[in-house]
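**Q** Protein chains in written order, with our numbering: chain A, 31 to 271; chain B, 31 to 271. Can you keep this structure in mind? I'll have questions shortly.
Protein chains: 2
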Amino acid sequence: MTRFFVEKEVLASPEIILDSENAAHAKVLRLRAGEEVLLCDGQGREALCRVVSSENMTLEVLEQRKSETEAAVRVSIYMAFPKADKLEHVIQKATELGATEIVAFPSARCVSKPDDKSLNKKLERWQKIAASAAEQSGRGVIPRVTVLGSFKAALSRAAQADTSILLYENERATTLKMALEAKPLTTVSLISGPEGGLEEREVEQAKNAGVQICTLGKRILRCETAPLCAVSAVMYAAGEF
Amino acid sequence: MTRFFVEKEVLASPEIILDSENAAHAKVLRLRAGEEVLLCDGQGREALCRVVSSENMTLEVLEQRKSETEAAVRVSIYMAFPKADKLEHVIQKATELGATEIVAFPSARCVSKPDDKSLNKKLERWQKIAASAAEQSGRGVIPRVTVLGSFKAALSRAAQADTSILLYENERATTLKMALEAKPLTTVSLISGPEGGLEEREVEQAKNAGVQICTLGKRILRCETAPLCAVSAVMYAAGEF
């Protein structure tokens with residue numbers, strides 16, 4: 031079913047007229063009177079609607095409900111700024127895979143870091159990528175993309191989750207499975223480094239902040255592959271598929 | 031440790047001189063006498079070597095052994111031809127994640143399919159992508175990239191695995207977990223469709239061939255995301271990390 035993201039307030043009314051951008055999209059899709067569509071507020075609520083008029087795209091609300099496509103487990107991805115457009119790739123894929131938020135931060139070996147000037151524009155772009163991926167994959171929530179100013183800030187925020195994990199290629203003893211099977215999965219933070227990896231002292235810092243250090247196996251994953259592999263595994267472990 | 035892929039026969043000798051391409055790479059890395067490197071035949075055997083002379087890149091073999099970075103479970107990825115460079119993306123990432131082979135095939139809704147003329151050139155390029163990803167991720171085996179001529183051929187080959195699975199967005203009852211936990215994971219086939227999905231009759235064909243139809247959850251994954259999510263889950267389920 032086609033889904034549109036609308037402002038939270040819009041969902042409350044019994045009859046809805048699609049705004050210009052959504053209406054244009056509906057016209058492209060040739061939606062006709064009688065067809066059903068889904069309107070989502072991007073925060074987990076949605077309305078099942080029927081098209082009343084395809085002229086001005088008026089919809090009648092049939093049912094208000096909680097979104098049915100969100101994972102019960104809430105996964106936050108903390109990723110050190112990678113080079114080029116890899117962060118965009120991770121935002122798109124992590125959204126499809128069901129992550130709740132993507133948090134980018136600088137770490138010692140980050141080669142690329144957006145300057146303050148370009149940051150707002152980039153954040154806007156990243157948020158749009160998340161919205162578009164959420165729409166395509168049928169999410170009820172648009173993941174929030176956030177930028178933090180330091181590795182320390184990322185650690186202390188990530189450590190607030192019930193399960194907080196740092197993915198580290200030099201870890202040998204603790205597997206992701208050990209960390210995920212230790213307790214019920216409610217909120218999970220997954221931290222990963224940039225192309226050059228995290229420094230040992232950063233991994234120590236994470237340990238001291240209460241974060242578990244885990245391996246993703248014997249092969250070295252690229253910095254954009256590691257968080258996506260891990261979020262897939264978390265969703266699998268949480269019984270999502 | 032730096033690793034080089036060499037011909038199988040090379041590994042047998044007690045002293046090895048790197049060939050021109052590998053030697054050039056070794057020079058770029060400024061390898062010096064005394065340093066240790068790993069030579070792999072790309073088929074699961076490797077030799078731990080020490081640089082004797084960095085002039086002509088002569089190596090002394092310290093130990094011959096089975097590669098230590100290969101997964102015990104053998105995963106084959108069967109992917110319907112996607113548009114643009116998505117197959118390249120899947121080859122690279124599936125290699126990192128530990129897949130044994132990537133098999134591409136045409137299905138009813140494939141929009142893009144290489145013609146016979148360009149196929150050999152493309153296969154060569156795809157195999158190179160697998161080799162390069164294998165080197166970077168520390169694999170002992172270079173996954174083979176194969177092209178089959180029909181969906182039927184793909185099905186009958188995929189069904190030979192101990193566990194053969196088709197990822198289908200309209201499946202509701204059977205989860206990947208159910209299929210993976212049914213028996214020990216030895217050889218696994220993961221089949222997935224193109225952008226427009228597989229047709230219902232193709233899914234029926236797969237069922238008849240003995241393939242299990244599984245969901246990857248409530249969200250719709252892009253055609254390049256589904257196999258990578260699934261191979262991550264298989265590796266996790268098999269105890270790789």
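Where is the CB? At the ideal position from N, CA and C, for every residue including glycine. Bear in mind that the values here come from a model prediction, so they are computed numbers and not experimental data.
In whole angstroms, give me the CA-to-CA distance for Ala114 of chain B and Ile132 of chain B.
**A** Distance between the alpha carbons of Ala114 of chain B and Ile132 of chain B is about 17 Å.
**Q** Just checking my contact of Ala129 of chain A with Leu210 of chain A at CB under 8 Å: how many whole Å lie between their CB atoms?
**A** Not a contact, Cβ separation roughly 15 Å.
**Q** So is Thr167 of chain A buried or exposed if we call it buried at 16+ other beta carbons inside 10 Å?
**A** Residue identity differs from the one stated: residue 167 of chain A is Ser in this sequence, not Thr. Ser167 of chain A comes out buried.
**Q** Would you check if the segment 134 to 152 of chain A and the segment 171 to 182 of chain A touch, i.e. whether three or more CB-CB distances between them fall below 8 Å?
**A** Cβ pair count under 8 Å is three or more, so yes.
**Q** Does any CB atom of chain A fall closer than 8 Å to the CB of Ala263 of chain B?
**A** At least one chain A Cβ lies under 8 Å of Ala263 of chain B.
**Q** Strictly under 8 Å for the Cβ-Cβ distance: is Gly227 of chain A near chain B by that measure?
**A** Answer no: the Cβ-Cβ gap between Gly227 of chain A and chain B never drops below 8 Å.
**Q** I want to know whether the segment 180 to 199 of chain B touches the segment 213 to 229 of chain B - three or more CB-CB distances under 8 Å.
**A** Yes, they touch.
**Q** For chain B, find out if any of its Cβ atoms is closer than 8 Å to the Cβ of Pro253 of chain A; answer yes or no.
**A** Here residue 253 of chain A is Cys; the residue named in the question, Pro, does not match the sequence. Answer no: the Cβ-Cβ gap between Cys253 of chain A and chain B never drops below 8 Å.
**Q** Are there 16 or more other CB atoms within 10 angstroms of the CB of Asn52 of chain A, so buried, or fewer, so exposed?
**A** Buried is the call here.
**Q** How would you write the range of the beta strand (DSSP E) that Leu59 of chain B sits in, first residue to last?
**A** Counting along the chain, Leu59 of chain B falls outside any beta strand (DSSP E), and DSSP gives it neither H nor E.
**Q** Compare the C-beta of Arg249 of chain B against all C-beta atoms of chain A and say whether one is closer than 8 Å.
**A** Answer yes: the Cβ-Cβ gap between Arg249 of chain B and chain A drops below 8 Å somewhere.
**Q** If we cut at 8 Å on Cβ distances, does Ser43 of chain B have a partner in chain A?
**A** By this cut-off, Ser43 of chain B is not an interface position.
**Q** Using a Cβ cut-off of 7 Å, pull out every chain B residue sitting near Leu246 of chain A, in sequence order please.
**A** Chain B residues near Leu246 of chain A: Phe271.
**Q** Just the Cα atoms here: how many angstroms apart are Thr245 of chain A and Pro257 of chain A?
**A** Going by the C-alpha atoms only, they are around 12 Å apart.
**Q** Is the beta carbon of Leu89 of chain A sitting closer than 8 Å to the one on Val82 of chain A?
**A** Yes. Within cutoff.
**Q** What is the DSSP secondary structure of Arg139 of chain B, reduced to helix, strand or coil?
**A** Arg139 of chain B falls in the coil class under three-state DSSP.
**Q** To the nearest angstrom, how far is it from the Cα of Arg95 of chain A to the Cα of Lys123 of chain B?
**A** Whole-angstrom Cα-Cα distance: 37 Å.
**Q** Ser84 of chain B lies in the alpha helix (DSSP H); which residues open and close that run?
**A** Element bounds for Ser84 of chain B: n/a, residue is neither H nor E.
**Q** Counting only Cβ-Cβ distances shorter than 9 Å, please list the residues of the segment 78 to 102 of chain A near chain B, keeping chain order.
**A** Residues passing the 9 Å Cβ filter: Glu98, Thr99, Glu100, Ala101.
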